[in-house]
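Novice:
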Amino acid sequence: MVDYHAANNQSSTGGVQIYMEQENDWDRDLLLDPAWEKQQRKTFTAWCNSHLRKSGTQIENIEEDFRDGLKLMLLLEVIAGERLPKPERGKMRVHKINNVNKALDFISRKGVKLVSIGAEEIVDGNAKMTLGMIWTIILRFAIQDISVEETSAKEGLLLWCQRKTAPYKNVNVQNFHISWKDGLAFNALIHRHRPDLIDYDSLRKDDPVTNLNNAFEVAEKHLDIPKMLDAEDIVGTLRPDEKAIMTYVSCFYHAFSGAQKAETAANRICKVLAVNQENEQMMEDYEKLASDLLEWIRRTVPWLENRTQEKTVQDMQAKQEDFRDYRCVHKPPKVQEKCQLEISFNTLQTKLRLSNRPAFMPSEGRMVSDINGAWHTLEGAEKGYEEWILSEIRRLERLEHLAEKFHQKAAIHESWTDGKEAMLTQKDYETSTLSEVKALLRKHEAFESDLAAHQDRVEQIAAIAQELNELDYYDSAKVNARCQKICDQWDSLGTLTLNRKESLERTEKQLESIDELYLEYAKRAAPFNNWMEGAMEDLQDMFIVHNIEEIQGLITAHEQFKSTLSEANKEREAIQSIQAEVQKIAQSNGIKLSGANPYTTITPESIDSKWEKAMAMVPLRDTALQGELNKQNSNDTLRAKFATQANIVGAYIQEKMEEIGRISIEMNGTLEDQLTNLRDYQTNIMSYMPEINKLEGSHQLIQEALIFDNQYTSYTMEHLRVGWEQLLTTIARTINEVENQILTRDAKGISQEQLFEYRASFNHFDKDHSGALKAEEFKACLISLGYDVENDKGDSEFARIMSIVDPNGSGAVTFQAFIDFMSTETTDTDTADQVIASFKILAADKTFITAEELRRELPPDQAEYCIARMAPYTGPDAAPGALDYMSFSTALYGESDL
Numbered sequence: 102m103v104d105y106h107a108a109n110n111q112s113s114t115g116g117v118q119i120y121m122e123q124e125n126d127w128d129r130d131l132l133l134d135p136a137w138e139k140q141q142r143k144t145f146t147a148w149c150n151s152h153l154r155k156s157g158t159q160i161e162n163i164e165e166d167f168r169d170g171l172k173l174m175l176l177l178e179v180i181a182g183e184r185l186p187k188p189e190r191g192k193m194r195v196h197k198i199n200n201v202n203k204a205l206d207f208i209s210r211k212g213v214k215l216v217s218i219g220a221e222e223i224v225d226g227n228a229k230m231t232l233g234m235i236w237t238i239i240l241r242f243a244i245q246d247i248s249v250e251e252t253s254a255k256e257g258l259l260l261w262c263q264r265k266t267a268p269y270k271n272v273n274v275q276n277f278h279i280s281w282k283d284g285l286a287f288n289a290l291i292h293r294h295r296p297d298l299i300d301y302d303s304l305r306k307d308d309p310v311t312n313l314n315n316a317f318e319v320a321e322k323h324l325d326i327p328k329m330l331d332a333e334d335i336v337g338t339l340r341p342d343e344k345a346i347m348t349y350v351s352c353f354y355h356a357f358s359g360a361q362k363a364e365t366a367a368n369r370i371c372k373v374l375a376v377n378q379e380n381e382q383m384m385e386d387y388e389k390l391a392s393d394l395l396e397w398i399r400r401t402v403p404w405l406e407n408r409t410q411e412k413t414v415q416d417m418q419a420k421q422e423d424f425r426d427y428r429c430v431h432k433p434p435k436v437q438e439k440c441q442l443e444i445s446f447n448t449l450q451t452k453l454r455l456s457n458r459p460a461f462m463p464s465e466g467r468m469v470s471d472i473n474g475a476w477h478t479l480e481g482a483e484k485g486y487e488e489w490i491l492s493e494i495r496r497l498e499r500l501e502h503l504a505e506k507f508h509q510k511a512a513i514h515e516s517w518t519d520g521k522e523a524m525l526t527q528k529d530y531e532t533s534t535l536s537e538v539k540a541l542l543r544k545h546e547a548f549e550s551d552l553a554a555h556q557d558r559v560e561q562i563a564a565i566a567q568e569l570n571e572l573d574y575y576d577s578a579k580v581n582a583r584c585q586k587i588c589d590q591w592d593s594l595g596t597l598t599l600n601r602k603e604s605l606e607r608t609e610k611q612l613e614s615i616d617e618l619y620l621e622y623a624k625r626a627a628p629f630n631n632w633m634e635g636a637m638e639d640l641q642d643m644f645i646v647h648n649i650e651e652i653q654g655l656i657t658a659h660e661q662f663k664s665t666l667s668e669a670n671k672e673r674e675a676i677q678s679i680q681a682e683v684q685k686i687a688q689s690n691g692i693k694l695s696g697a698n699p700y701t702t703i704t705p706e707s708i709d710s711k712w713e714k715a716m717a718m719v720p721l722r723d724t725a726l727q728g729e730l731n732k733q734n735s736n737d738t739l740r741a742k743f744a745t746q747a748n749i750v751g752a753y754i755q756e757k758m759e760e761i762g763r764i765s766i767e768m769n770g771t772l773e774d775q776l777t778n779l780r781d782y783q784t785n786i787m788s789y790m791p792e793i794n795k796l797e798g799s800h801q802l803i804q805e806a807l808i809f810d811n812q813y814t815s816y817t818m819e820h821l822r823v824g825w826e827q828l829l830t831t832i833a834r835t836i837n838e839v840e841n842q843i844l845t846r847d848a849k850g851i852s853q854e855q856l857f858e859y860r861a862s863f864n865h866f867d868k869d870h871s872g873a874l875k876a877e878e879f880k881a882c883l884i885s886l887g888y889d890v891e892n893d894k895g896d897s898e899f900a901r902i903m904s905i906v907d908p909n910g911s912g913a914v915t916f917q918a919f920i921d922f923m924s925t926e927t928t929d930t931d932t933a934d935q936v937i938a939s940f941k942i943l944a945a946d947k948t949f950i951t952a953e954e955l956r957r958e959l960p961p962d963q964a965e966y967c968i969a970r971m972a973p974y975t976g977p978d979a980a981p982g983a984l985d986y987m988s989f990s991t992a993l994y995g996e997s998d999l
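Convert by adding 101 to the 1-based position in the sequence shown; the result is the number in my numbering.
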């Protein structure tokens with residue numbers, strides 16, 4: 102069982118007394134409840150026996166077995182872990198009272214104020230007082246020292262229960278009675294700390310007896326918590342005894358708090374071991390890193406101390422590149438390792454010092470000072486090796502300088518001479534023009550100057566080769582061969598240069614005479630070519646004409662063009678004779694012409710080709726112009742036909758529009774007579790539809806012929822369509838107005854005389870006969886009918902009326918709007934209140950109505966209409982399926998509320 106000694110020895114008297122005074126003020130009348138008293142007897146007896154068995158005894162009857170005070174004193178000694186005064190062994194009443202007083206005095210010294218509990222009552226076996234005393238002991242030694250988040254005792258125990266059971270479904274601990282009846286809270290406490298003991302998901306809230314027995318049996322078997330209550334006692338009571346439940350729950354708290362202490366201790370040990378393992382790993386890492394670094398230094402130093410000489414600068418530069426690779430690639434990671442080694446060593450020593458461990462001592466030869474010494478040796482060897490490489494490179498550079506100078510000058514000369522022999526031997530001037538030959542001569546003169554400038558370099562190359570021979574250079578044979586080749590090539594270039602100059606000067610004179618003929622050809626060919634291109638463009642030009650006059654003008658211009666073709670052919674033959682003269686001169690002098698005139702891109706072939714194309718286009722143009730002339734004659738016939746029909750239809754539509762305007766204003770007779778006359782008039786108008794269709798056919802032919810203007814009429818098909826549609830619309834609108842007047846008359850009870858009066862007033866003030874009254878015209882009409890809308894008050898009334906008859910704010914009032922307003926003003930209408938009253942009758946005076954009542958009282962379609970649109974009724978007297986007929990009624994009339 103739980104050891105309460107440590108907690109009890111730390112108790113204070115201040116807060117304890119206050120709490121104990123509150124808890125000791127227990128309701129003795131409640132204890133008289135048989136069910137509660139039974140629960141307390143079982144719980145307190147089990148709790149006492151859980152401690153008394155440590156001394157090899159127990160009690161059977163809680164009010165009898167404590168009467169002599171002996172087991173009571175023993176219970177306190179076991180719980181408190183302290184010795185009480187020696188009990189009196191006599192069996193007289195006075196001995197028993199003395200023993201009980203010793204126990205009560207001990208309780209009082211522990212800071213517990215006993216209220217109305219005396220030794221005599223305990224000795225007399227007063228069950229109520231004995232249970233109260235045991236409860237006081239339980240509070241002091243089992244519950245008082247519970248502390249959770251700055252709350253203690255009962256509140257602390259309740260908070261602990263709430264925290265532990267919060268994640269569990271169907272568990273909501275709010276007290277120590279009702280919250281524990283279904284047994285789920287007991288099982289949740291056990292599962293939270295020992296999930297291996299409880300299958301919580303298999304428990305059912307509707308089986309409290311099974312739940313309670315399961316928790317009590319598991320606690321007794323595995324947690325050493327004796328069974329203090331029977332499941333039937335708890336379930337069979339409307340409100341279980343709070344003290345019994347608190348006592349039972351406190352045992353769970355103390356049982357699991359011990360397990361938590363063990364877990365804390367294990368965590369502390371794990372933390373210490375983790376620190377130790379981390380330190381050991383750092384030691385191993387240091388040892389390995391130090392060994393690897395020292396081994397690398399041992400292997401690198403001999404390489405840096407090697408001084409084997411090389412024969413050429415390239416070989417020494419290879420060594421220098423290896424050294425540079427060492428400095429840039431291989432050494433930096435080792436520098437990082439050395440730095441990391443020192444950091445790891447210092448970090449390890451700091452961790453050991455902070456954790457009260459002895460300082461780390463590396464293996465022999467692996468101290469930080471040893472590594473620094475080896476590193477110093479490495480850097481010394483490195484510095485000497487670098488200086489040796491640089492000195493060797495300078496020595497070899499001096500030996501190779503002279504040879505490098507020879508090869509450099511030879512390479513420059515050879516680069517310059519590359520391709521020069523091929524350039525001097527080519528005969529490009531044989532196919533060049535005069536200007537190109539002159540350019541080649543100027544280019545050759547520049548080459549001669551460049552050749553003379555390179556004479557000094559050739560002499561320098563020969564002198565350097567001679568010096569290398571005198572100094573017995575190891576590769577002198579290669580130098581001599583190269584020098585001889587350069588000298589032989591130089592002599593050859595001089596001879597070729599002279600021969601090329603003579604050939605260029607001879608060819609220049611022959612081409613000058615041909616150039617003059619080329620220039621004359623270009624001067625005459627260009628304007629003739631432009632004339633042909635313009636003629637071809639005109640012959641192919643797409644023409645668009647809209648009448649006969651325009652096509653006749655094009656035909657006249659074409660005839661004038663054909664009269665100039667004879668002179669144009671003579672000019673073409675003269676231009677071709679110039680080109681023939683050029684060919685003759687070239688053949689007699691052996692000149693290979695390139696075939697291109699330098700002054701023009703126009704060839705004789707292109708001139709002949711364009712001339713042939715132009716001549717072929719002339720008859721094609723003749724045919725096209727004649728065809729267009731025929732087409733314009735046909736189009737003119739279509740224009741005249743359409744104009745004749747359009748002028749007749751246009752006049753007809755205008756006449757009928759004026760007639761319907763007069764009819765809408767001057768209608769006489771009853772509304773039914775007016776409606777009959779209008780429909781007859783509409784039928785008569787529709788009989789004219791074939792003429793419209795006939796005109797549409799003529800217009801289609803006009804469109805297919807792409808005719809866009811017609812000088813024979815001012816009407817267009819679009820204008821006539823709009824006029825015809827406007828005529829039909831005006832008739833239909835006038836018929837609709839009469840139909841609406843009939844509906845208004847029948848719905849509002851307006852007499853025929855009133856309608857005539859309204860129509861007469863409306864027509865009188867409709868000055869422009871537009872079928873609508875402007876605001877001022879409507880105001881004058883209202884005044885004529887007796888409405889007061891002239892003063893300040895009348896302005897607001899007129900604004901109200903305008904908002905009714907012109908809700909869109911268009912500024913005009915139609916006759917139908919005028920009729921609707923006047924009928925509303927003069928007749929009785931249904932209102933939202935009347936509709937609500939009607940629904941209330943159907944609902945038998947209820948504030949709501951049901952779908953069943955609607956289907957019983959209304960036609961099916963209207964009943965379903967109401968059901969689909971009525972919102973559910975949410976008033977305090979609402980019944981299932983209730984519908985809100987008041988909101989529905991106000992919505993019918995556009996009102997927000999009654």
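Backbone N, C-alpha and C define an ideal beta-carbon position, used for all residues, glycine too.
Taking the beta carbon of F662 as the centre, do at least 16 other beta carbons fall within 10 Å, making it buried, or is it exposed?
Specialist: Classification for F662: exposed.
Novice: With DSSP as the reference, identify every bridge partner of V249, one or two as the case may be.
Specialist: DSSP output for V249 lists T252 as bridge partner(s).
Novice: By how many angstroms is the C-alpha of H800 removed from the C-alpha of R822?
Specialist: Taking the straight line from one Cα to the other gives about 11 Å.
Novice: What three-state label does DSSP hand D723 in the structure shown?
Specialist: Looking at D723 - three-state DSSP - the assignment turns out to be helix.
Novice: Ends of the alpha helix (DSSP H) at T657?
Specialist: 649-663 is the extent of the alpha helix (DSSP H) around T657.
Novice: By the DSSP assignment, the beta strand (DSSP E) with K452 in it spans what residues?
Specialist: Where K452 is concerned, there is no enclosing beta strand (DSSP E), although the alpha helix (DSSP H) it sits in stretches over 432-455.
Novice: Let me know if S912 comes out buried or exposed under the rule of 16 or more other beta-carbons within 10 Å of its beta-carbon.
Specialist: Checking the displayed sequence, the identity of residue 912 turns out to be Gly instead of Ser. With fewer than 16 Cβ atoms within 10 Å of its Cβ, G912 is classed as exposed.
Novice: Let me know the secondary structure DSSP gives L597 once reduced to three states.
Specialist: The answer is helix: DSSP assigns L597 an H, G or I state.
Novice: The alpha helix (DSSP H) spanning K880 covers which residue range?
Specialist: From DSSP, the alpha helix (DSSP H) with K880 extends over 876-885.
Novice: Suppose contacts are defined by Cβ-Cβ distances below 8 Å. Is T1066 in contact with M329 by that definition?
Specialist: Summary: the structure shown does not reach residue 1066, with the chain confined to residues 102 through 999, and so no result is reported for it.
Novice: What are the partner residues of I950, as DSSP defines its beta bridges?
Specialist: DSSP lists L984 as partners of I950.
Novice: Quickly, what does DSSP pair V914 with across the bridge? List them, please.
Specialist: According to DSSP, V914 bridges with L874.
Novice: Under the DSSP definition of a beta bridge, which residues are partnered with P973?
Specialist: P973 pairs with L984.
Novice: Looking only at its chain, what residues have a beta carbon closer than 6 Å to the beta carbon of A983, apart from the 5 residues adjacent to it on each side?
Specialist: The answer, listed in chain order, is F949, Y974.
Novice: Counting only runs that start and end within the segment 616-643, where is the beta strand (DSSP E) found for 3 or more residues in a row?
Specialist: You should have found no qualifying run.
Novice: Rounded to the nearest angstrom, how far is the Cβ of A636 from that of A715, given a contact under 8 Å?
Specialist: Contact holds; Cβ gap of about 5 Å.
Novice: Suppose only complete runs of 4+ residues qualify. What are the alpha helix (DSSP H) ranges in the segment 696-773, listed by chain order?
Specialist: Here the runs fully enclosed are 705-766.
Novice: What number of angstroms, rounded off, separates the C-alpha of M384 from the C-alpha of G481?
Specialist: One C-alpha to the other measures close to 30 Å.
Novice: Check for me: the alpha helix (DSSP H) holding I942 runs from which residue to which?
Specialist: Counting along the chain, the alpha helix (DSSP H) containing I942 begins and ends at 933-943.
Novice: Which residue comes first and which comes last in the alpha helix (DSSP H) that contains V179?
Specialist: Looking at the DSSP string, the run of the alpha helix (DSSP H) that includes V179 is 171-181.
Novice: Pick helix, strand or coil for L694, following the three-state DSSP scheme.
Specialist: DSSP places L694 in coil when its eight states are reduced to three.
Novice: Compute the distance between the beta-carbons of K757 and I793, then report whether it is under 8 Å.
Specialist: Contact: no.
Novice: Apart from the five residues on each side of it in sequence, which residues of its chain come closer than 6 Å, Cβ to Cβ, to C967?
Specialist: So the qualifying residues of the chain are L955.
Novice: Can the beta-carbon of A147 be found closer than 8 Å to that of T338?
Specialist: In this structure, T338 does not lie closer than 8 Å to A147 by Cβ.
Novice: Can you give the Cα-Cα distance for G824 and I754, rounded to whole angstroms?
Specialist: Each residue's Cα considered, the two are about 7 Å apart.
Novice: For L442, which residues in the same chain have their Cβ closer than 8 Å to its Cβ, ignoring the five residues on either side in sequence?
Specialist: Answer for L442: Y387, L390, A391, L394, V469, I472, listed in chain order.
Novice: In the DSSP assignment, find the unbroken alpha helix (DSSP H) run with A320 in it and report its ends.
Specialist: Residues 309-323.
Novice: Take Q450 and list the residues in its own chain whose beta-carbon comes closer than 7 Å to its own, dropping the five residues that flank it on each side.
Specialist: Within the same chain, Q450 has close Cβ partners A460, F461.
Novice: Quick one, which of L324, D934, D331, S536 has its alpha-carbon nearest Y619's?
Specialist: Nearest option by C-alpha distance: S536.
Novice: Counting only the same chain and skipping the five closest in sequence on each side, list residues whose C-beta sits under 8 Å from that of S351.
Specialist: Contacts found: I239, A243, I244, I247, L258.
Novice: What is the rounded straight-line gap between the Cα of A992 and the Cα of R305?
Specialist: Whole-angstrom Cα-Cα distance: 52 Å.
Novice: Can you tell me whether I832 is buried or exposed, with buried defined as 16 or more other CB within 10 angstroms of its CB?
Specialist: Buried: at least 16 other Cβ atoms inside 10 Å.
Novice: Considering only residues of the same chain and omitting the five flanking positions on each side of Q159, which have a CB-CB separation below 6 Å?
Specialist: Contacts found: N150, L153.
Novice: Skipping 5 residues on each side, what residues in its chain have a beta carbon closer than 8 Å to that of D130?
Specialist: In this prediction, D130 scores a pLDDT of 41, lower than 50, which makes its location untrustworthy; no coordinate-derived value is stated.
Novice: Using DSSP with H/G/I as helix, E/B as strand and the rest coil, what is L339?
Specialist: Coil.
Novice: Should A744 and Y789 be called a contact, given that it needs their Cβ atoms to be closer than 8 Å?
Specialist: Contact: no.
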